[in-house]
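Asks:
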Amino acid sequence: VETPVIRERMISHLLNIDETLATTVADKLGINTMPTPADAAVPTRDDLEPSPALSIINNGPDSFKGRKIGVLVSDGIDSGLLQAVRDAAQAEGAKVEIVARRVGGVEAGNGSWIEANHMIDGGPSVLFDAVVLLVSEEGAEMLSRDAAARDFVSDAFAHLKFIGFVAGAGPLLASAGVAADADEGLIELTGGESARSFVEACRKLRLWARESAVKL
Numbered sequence: 005v006e007t008p009v010i011r012e013r014m015i016s017h018l019l020n021i022d023e024t025l026a027t028t029v030a031d032k033l034g035i036n037t038m039p040t041p042a043d044a045a046v047p048t049r050d051d052l053e054p055s056p057a058l059s060i061i062n063n064g065p066d067s068f069k070g071r072k073i074g075v076l077v078s079d080g081i082d083s084g085l086l087q088a089v090r091d092a093a094q095a096e097g098a099k100v101e102i103v104a105r106r107v108g109g110v111e112a113g114n115g116s117w118i119e120a121n122h123m124i125d126g127g128p129s130v131l132f133d134a135v136v137l138l139v140s141e142e143g144a145e146m147l148s149r150d151a152a153a154r155d156f157v158s159d160a161f162a163h164l165k166f167i168g169f170v171a172g173a174g175p176l177l178a179s180a181g182v183a184a185d186a187d188e189g190l191i192e193l194t195g196g197e198s199a200r201s202f203v204e205a206c207r208k209l210r211l212w213a214r215e216s217a218v219k220l
């Protein structure tokens, strides 16, 4: 909306709904002086109790079935840990897709070849319900200099998704401005048990507690 008067009119209606919402939107629109609330068709009620039935947080999903985990990989990774993530996802009824810098894939630390489903430039984290950073230390350093890889991590964090990572992923997390201990939605993966715990945590789909800390 480019016409200032229309912006102000919208704010005047929002004032009848929620003053905090109206103030937040007005700030983003650069409106310094709040308009007078619009004439409401019916009086605004503020005596209604919150409805548990309408709560997204209280009525969130309890399964990760049918969801997708995007695993960002690099050369030199632990193929056993990748298999543990695959197994945990399969047990939950979820799917794992591999994202790499090259379409062909990567070579694991044991010499096995891991095919990729997506190249990082065309496989952003918005395509997935949760992500895993399964990279070697050298791979993390390389990916930390890749804008698409940094966006993969920072977007997943900003979108409140659960992020699994290995110890070597530190440089990539740091380059994306995400601290490994930022909140309970960042889970370090060390083996089968932690992979299962990660997938179980993903049942919530989003870590709503992170929302207040994210600046979009």
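With my numbering applied, the sequence shown covers 5 to 220. By construction, the Cβ of each residue, glycine as well, lies at the ideal position given by its N, Cα and C atoms. In this text the structure is predicted, and so the values were computed from the model without any measurement.
Applying the 10 Å Cβ sphere with the 16-neighbour rule, what's the burial state of S148?
Replies: Against the sequence shown, residue 148 aligns to sequence position 144. Under this definition S148 is a buried residue.
Asks: Considering just the uninterrupted stretch of the alpha helix (DSSP H) at I10, what are its terminal residues?
Replies: On the sequence shown, position 6 is the one that residue 10 refers to. Taken as a continuous stretch (DSSP letters only), the alpha helix (DSSP H) holding I10 covers 8 to 18.
Asks: State the Cα-Cα distance for the pair E53 and I60, rounded to the nearest angstrom.
Replies: Here residue 53 refers to the residue found at position 49 when the sequence shown is read from its first residue. Here residue 60 refers to the residue found at position 56 when the sequence shown is read from its first residue. Cα to Cα, E53 sits roughly 16 Å from I60.
Asks: Closest by CA to S67, which one among A92, G84, D51?
Replies: On the sequence shown, position 63 is the one that residue 67 refers to. Among A92, G84, D51, the Cα nearest to that of S67 is on A92.
Asks: Ignore the nearest five residues each way along the sequence and tell me which others in A224's own chain have a CB closer than 6 Å to its CB.
Replies: Nothing in the structure corresponds to residue 224, since the chain is present only between 5 and 220.
Asks: Going by CA-CA distance only, name the one from R200, K219, V136, T7 that's closest to V170.
Replies: Locating residue 170 in the sequence shown gives position 166, where the first residue counts as 1. Closest by alpha carbon: V136.
Asks: Kindly identify the DSSP beta-bridge partner or partners of I35.
Replies: Taking the sequence shown and counting its residues from 1, one reaches residue 35 at position 31. The partner list for I35 (beta bridge, DSSP) is empty, contrary to what the question assumes.
Asks: Consult DSSP for L76 and reduce its assignment to one of helix, strand or coil.
Replies: Translated into positions along the sequence shown, residue 76 becomes position 72. Three-state DSSP puts L76 in a strand.
Asks: Between which residues of its own chain and A199 is the CB-CB distance below 8 Å, once the five residues before and five after are set aside?
Replies: Numbered from 1 along the sequence shown, position 195 holds the residue referred to as residue 199. Excluding positions up to five away in sequence, the list reads L85, A88, V89, D91, A92, G168, L193.
Asks: Taking only the alpha-carbon atoms, compute the straight-line gap between S179 and A152 and give it to the nearest angstrom.
Replies: Counted from its first residue, the sequence shown places residue 179 at position 175. Counted from its first residue, the sequence shown places residue 152 at position 148. Cα-Cα distance, rounded: 12 Å.
Asks: Taking three-plus beta-carbon pairs below 8 Å as touching, is the segment 104 to 122 in contact with the segment 42 to 56?
Replies: Short answer: they don't touch.
Asks: V203: which of R154, R105, V100 sits nearest, CA to CA?
Replies: Here residue 203 refers to the residue found at position 199 of the sequence shown. Checking every option, the nearest Cα to that of V203 belongs to V100.
Asks: Among V5, E6, P39, K32, which has the Cα closest to the Cα of I15?
Replies: What you label residue 15 is simply residue 11 of the sequence shown in a count that begins at 1. For the residues V5, E6, P39, K32, the minimum Cα distance to I15 belongs to P39.
Asks: Among D133, I35, G181, which residue has its Cα nearest to the Cα of T7?
Replies: Along the sequence shown, one-based indexing puts residue 7 at 3. Of the listed residues, the one whose Cα sits closest to T7 is I35.
Asks: Whose C-beta lies closer than 8 Å to the C-beta of N63 among residues of the same chain, with five residues either side of it excluded?
Replies: As a working mapping, residue 63 is identified with position 59 in the sequence shown. Closer than 8 Å at Cβ, skipping near neighbours: P56, A57.
Asks: Between the C-alpha atoms of K219 and T24, what's the straight-line distance to the nearest angstrom?
Replies: In the sequence shown, counting from the first residue as 1, residue 219 sits at position 215. In the sequence shown, counting from the first residue as 1, residue 24 sits at position 20. Those two C-alpha atoms are separated by around 17 Å.
Asks: Taking the straight line between their C-alpha atoms, what separation do you get for T37 and D50?
Replies: Your numbering for residue 37 matches position 33 in the sequence shown. Your numbering for residue 50 matches position 46 in the sequence shown. So the alpha carbons of these two residues sit roughly 24 Å apart.
Asks: Using the rule of at least 16 other Cβ atoms within 10 Å of the residue's Cβ for burial, across every protein chain shown, is E142 buried or exposed?
Replies: The residue given as residue 142 occupies position 138 in the sequence shown. So E142 counts as exposed.
Asks: Roughly how many angstroms lie between the CA atoms of L18 and E215, to the nearest whole one?
Replies: Here residue 18 refers to the residue found at position 14 of the sequence shown. Here residue 215 refers to the residue found at position 211 of the sequence shown. Across the structure, L18 and E215 are spaced so that their CA atoms are roughly 22 Å apart.
Asks: Whose C-alpha, out of H163, A120, W117, is nearest the C-alpha of V130?
Replies: Start at 1 with the first residue of the sequence shown, and residue 130 comes out as number 126. The residue with the shortest Cα to Cα distance from V130 is H163.
Asks: According to the neighbour-count rule (16 or more other Cβ atoms, all chains shown, within 10 Å of its Cβ), is R71 buried or exposed?
Replies: Reading the sequence shown from its first residue, position 67 is the one you call residue 71. Flag for R71 reads buried.
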